[in-house]
Structures are given as C-alpha cells and as structure tokens.
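The next block holds one structure in the form of structure tokens; read it before the comments.
Number of protein chains: 2
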Amino acid sequence: MEVLKERIRREGVNLGHGILKVDSFLNHQVDAWLMMLIGKEMARRMGRLGATKVLTAEISGIAPALMTAWALGIPVVYARKTKPITMPDHALCESAPSHTKGQQVELMVSPEFLTPDDRVLIIDDFLATGNTINALIRIVQQSGATLVGIGAIIEKSFEGGRAALEDLGVPVESLVVITDMSNGRIEFAD
Amino acid sequence: MEVLKERIRREGVNLGHGILKVDSFLNHQVDAWLMMLIGKEMARRMGRLGATKVLTAEISGIAPALMTAWALGIPVVYARKTKPITMPDHALCESAPSHTKGQQVELMVSPEFLTPDDRVLIIDDFLATGNTINALIRIVQQSGATLVGIGAIIEKSFEGGRAALEDLGVPVESLVVITDMSNGRIEFAD
Numbered sequence: 000m001e002v003l004k005e006r007i008r009r010e011g012v013n014l015g016h017g018i019l020k021v022d023s024f025l026n027h028q029v030d031a032w033l034m035m036l037i038g039k040e041m042a043r044r045m046g047r048l049g050a051t052k053v054l055t056a057e058i059s060g061i062a063p064a065l066m067t068a069w070a071l072g073i074p075v076v077y078a079r080k081t082k083p084i085t086m087p088d089h090a091l092c093e094s095a096p097s098h099t100k101g102q103q104v105e106l107m108v109s110p111e112f113l114t115p116d117d118r119v120l121i122i123d124d125f126l127a128t129g130n131t132i133n134a135l136i137r138i139v140q141q142s143g144a145t146l147v148g149i150g151a152i153i154e155k156s157f158e159g160g161r162a163a164l165e166d167l168g169v170p171v172e173s174l175v176v177i178t179d180m181s182n183g184r185i186e187f188a189d
Numbered sequence: 000m001e002v003l004k005e006r007i008r009r010e011g012v013n014l015g016h017g018i019l020k021v022d023s024f025l026n027h028q029v030d031a032w033l034m035m036l037i038g039k040e041m042a043r044r045m046g047r048l049g050a051t052k053v054l055t056a057e058i059s060g061i062a063p064a065l066m067t068a069w070a071l072g073i074p075v076v077y078a079r080k081t082k083p084i085t086m087p088d089h090a091l092c093e094s095a096p097s098h099t100k101g102q103q104v105e106l107m108v109s110p111e112f113l114t115p116d117d118r119v120l121i122i123d124d125f126l127a128t129g130n131t132i133n134a135l136i137r138i139v140q141q142s143g144a145t146l147v148g149i150g151a152i153i154e155k156s157f158e159g160g161r162a163a164l165e166d167l168g169v170p171v172e173s174l175v176v177i178t179d180m181s182n183g184r185i186e187f188a189d
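Following this line, the structure appears as structure tokens:
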C-alpha cells in the first residue's frame with residue numbers, strides 16, 4: 000500500500016530494537032482519512048471471506064479495525080486489557096508478552112460477542128513476533144468461532160511472526176512489510 | 000439522536016450505581032456503522048468551530064472520536080493511560096478518577112501532537128461526573144492549544160458533569176441525555 004509506505008518513510012522513526020514509532024498517524028495521533036483508506040484496502044483484500052466480526056486488541060488496533068469493520072459492514076470487537084465492571088466473570092482470556100510495554104498483558108473478550116456462529120477476521124496494527132495476534136487466535140479458538148483471516152497494517156518480517164500463522168490455512172495480509180530495521184534503517188519489501 | 004436512543008433502549012443494561020452497560024455497540028463490541036452516524040452528527044453540530052484536532056481518551060472514546068475526526072477531515076489524538084516507550088518523557092499529563100475502573104488513571108499526551116496553534120474538540124463516549132473530560136481540558140490548557148468544543152455520545156445528566164463545563168464558554172453537545180437511572184430505570188431527556 001504505497002500511501003502508507005510513503006507515510007512511514009516520511010514520519011516513521013526507528014527507535015532501535017525493532018521499534019518503529021508511528022505516533023503521528025497510527026499509535027497516538029491517528030490520521031482518520033488514512034485509516035479509512037486502510038479499512039477499505041483491508042476490506043478489498045478480505046471481503047470474500049464472509050467474516051461476521053472483526054476482532055482486534057486495544058488500543059492501537061482499534062482505529063484500523065474499526066474502519067475495516069465499517070468497510071465490511073460488520074461489527075468490531077476489541078479485546079480488553081483490563082476487565083471493566085461491565086464484563087462478565089467468565090470472559091475468554093489469554094495472555095501475551097507485550098513488545099512495547101515490556102510486560103505480560105491479558106486480553107479478554109466477553110463470550111457475549113464471540114460465538115460459534117461467528118467468522119472472525121483478526122486485524123491489528125503490527126505483525127511482529129505475532130504474540131498479540133496469537134493470543135487473539137487462541138481467544139477465537141476458545142470461543143468456538145471460525146478464524147477466516149488475519150490482517151496487519153505493518154508487518155516487521157524480520158521478527159518472524161508470520162511463520163506461526165501460515166499453518167492456520169487462512170489468508171494473512173499485511174499492507175506494508177518492513178524487512179530490516181538494523182542500524183537505523185527502515186527497509187521495505189519489494 | 001433517535002437511532003442511538005433506540006439502541007440504548009434495546010441493548011443498554013442498567014447495572015446499578017449509575018453504570019450503563021453498552022458493550023454490544025460502544026464499549027467492547029462496536030457497531031462501526033452507528034459510529035459513522037455518530038461521527039457525522041457530531042461533525043454537523045461542531046463543524047463551524049474550526050477545530051484542527053479531535054482529542055479523546057483511550058479506550059472507549061477512540062471509536063466515536065475517530066469517526067468525528069474523519070467527518071471533520073482532521074486527525075484525532077487519544078490520550079494514553081500507560082506511557083508507551085515511543086512517548087517522550089515530557090508528556091502533558093493529568094489524572095482523573097475512573098468511574099468504571101474504580102481507581103485513579105493518568106492521561107498522557109505527547110506535546111508533539113497538541114500545540115498552541117491547535118483548536119481542540121474534545122470527544123468522549125460518556126459525560127458523567129466529567130472527570131475524564133476535565134482532565135482532557137487541563138491537558139489542552141497545559142499545551143497552550145485552544146479548546147473549541149466538547150462532545151459526548153451519552154450524557155448522564157444526573158451525575159452533574161455538565162455544570163463544570165458550562166463556564167468554559169464553548170459548546171457542550173451530547174447526542175443522548177439520560178436523566179435518571181435509579182431503580183433500574185433508563186430515562187431520557189425530552
């Protein structure tokens with residue numbers, strides 16, 4: 000997705016240790032129009048899968064997942080990291096180590112909103128080690144719903160997260176793939 | 000906003016202590032199409048204010064704020080509750096007691112994305128006691144930006160948050176106003 004690549008070239012900051020700062024349009028300040036383009040592109044690639052729900056993780060996944068859900072005409076469910084008092088006690092729960100927070104995070108989804116009838120498209124901002132997406136996959140499996148696809152806005156292929164996803168037999172789409180961030184570089188695939 | 004009122008009537012659950020569960024379309028599962036209607040309605044009411052940024056708080060504010068920002072053609076900034084490693088140390092920071100979490104939460108915004116040139120429209124999911132919105136207002140004041148308006152999706156007028164906002168001299172808009180949640184009721188204004 001050329002417009003996204005261009006934006007990363009212009010505004011992305013390589014903070015070292017594989018951390019890409021894209022706080023000016025994705026992770027803190029959000030470019031709503033770019034998110035809409037992202038949602039439409041994701042829907043174009045994933046529309047054939049018959050998804051009934053988009054699933055993401057708070058916080059940074061919400062914006063691109065919401066726009067994807069809008070473009071597909073389905074709801075989005077975001078896994079919570081802290082249990083609000085409105086969530087039932089028997090939540091679907093999995094944990095994942097967080098890359099940017101440096102600790103283990105819990106992801107919780109109410110079984111009210113993920114059922115065996117659902118066909119689930121997982122959308123997240125980054126595919127890096129795949130830890131967060133794998134926790135979301137385990138939540139889908141717990142719920143009895145069917146996983147139909149996985150989409151990431153930015154993939155860091157050098158962190159190897161894709162390998163574990165390829166056995167699932169569902170499409171894995173990234174809008175931009177970064178192959179190398181060593182020595183301050185930000186190199187894109189193709 | 001009649002479509003929203005209808006949705007609360009059908010799916011909202013009064014959990015007591017003034018807590019309204021709207022997890023099926025706003026706070027955990029999100030109805031992307033309803034969010035777009037909400038964003039457009041907010042933009043219709045607030046479009047004249049010349050806002051350059053929408054400001055909200057993670058997590059539940061993000062969806063309606065993103066759609067409002069999209070409809071206005073401006074970016075949205077969401078205040079973070081935990082400091083990611085991508086945020087500079089000198090963040091704009093205020094704290095607020097959280098109604099649904101039962102503890103004090105910090106709200107942090109990077110000064111990169113809120114500057115004295117900005118005209119800020121604050122959007123949040125609820126206007127209840129006003130604690131979160133007041134913390135966002137203090138962040139705007141810290142940044143030197145100009146506050147131009149405040150919008151909430153659902154106002155619980157019986158919690159009195161509006162009073163503190165009326166002295167600010169900016170429009171305060173709620174798409175739906177709930178006047179009474181005692182004894183299991185959910186009563187709307189007018």
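In the order they appear, the protein sequences are chains S and H. Just so you know, we're using numbering that gives the first Met the number 0 here: the first sequence kicks off at 0 and counts up by one. Just so you know, we're using numbering that gives the first Met the number 0 here: the second sequence kicks off at 0 and counts up by one. Glycine is no exception: its CB is placed at the ideal position from the N, C-alpha and C atoms. Being a predicted model, the structure only gives us computed values, none of them experimental.
Query                                                                                                                                                                  : Result
Quick check on the DSSP output: what are the complete alpha helix (DSSP H) runs of length 4 or more inside the segment 57 to 103 of chain H, in order along the chain? : 61 to 71
Against chain A, with Cβ distances strictly below 7 Å, would Ile58(H) count as a contact?                                                                              : Note that chain A does not occur in the displayed structure, where the protein chains are S and H.
Quick one: does Phe112(H) have its CB under 7 Å from some CB of chain S?                                                                                               : yes
Does the segment 72 to 87 of chain H touch the segment 43 to 52 of chain H, meaning 3 or more C-beta pairs lie closer than 8 Å?                                        : yes
What residues match up with Ile122(H) in a beta bridge as DSSP calls it?                                                                                               : Gly150(H)
Measuring from the CB of Met34(S), is there a heavy atom of the ligand ZN at a distance below 6 Å?                                                                     : Among the ligands in the structure shown, none appear at all, so the ligand ZN cannot be discussed.
Does the separation of the CB atoms of Met45(S) and Met66(S) fall below 7 Å?                                                                                           : no
Keeping to the same chain, check which residues put their C-beta closer than 6 Å to that of Ser59(H); ignore five residues upstream and five downstream.               : Asn26, Asp124
Are three or more beta carbon pairs between the segment 103 to 122 of chain S and the segment 16 to 30 of chain S nearer than 8 Å?                                     : no
I'd like to know whether the C-beta atoms of Val108(S) and Ile138(S) end up nearer to each other than 7 Å.                                                             : yes
Would you verify that the beta carbon of Asp166(H) is, or is not, closer than 7 Å to some beta carbon of chain S?                                                      : no
Compare the C-alpha of Gly159(H) against each of Ile61(H), Gly17(H), Glu40(H) and name the closest.                                                                    : Gly17(H)
Leaving out the 5 sequence neighbours to the left and right, which residues in its chain are closer than 7 Å to Gln141(H) when beta-carbon positions are compared?     : Leu91
So that I know if they touch, is there some Cβ in chain S lying closer than 7 Å to that of His89(H)?                                                                   : no
Pick out the complete alpha helix (DSSP H) segments inside the segment 2 to 47 of chain H, 4 residues or longer, and give them in chain order.                         : 31 to 45
Considering just the uninterrupted stretch of the alpha helix (DSSP H) at Ile185(H), what are its terminal residues?                                                   : Ile185(H) -> no alpha helix (DSSP H), and no H or E assigned at all.
Within a Cβ cutoff of 6 Å, which residues of the same chain sit near Glu186(H), ignoring the five residues on either side of it in sequence?                           : Thr178, Asp179
Tell me which same chain residues have a C-beta within less than 6 Å of the C-beta of Glu93(H), skipping the five on either side of it?                                : Leu106, Ala134, Arg137, Ile138
Between which two residues does the beta strand (DSSP E) carrying Val139(S) extend?                                                                                    : No beta strand (DSSP E) holds Val139(S); the alpha helix (DSSP H) holding it covers 130 to 142.
Using three-state DSSP, classify Ser194(H) as helix, strand or coil.                                                                                                   : Only positions 0 to 189 of chain H appear in this structure, which leaves residue 194(H) out of reach.
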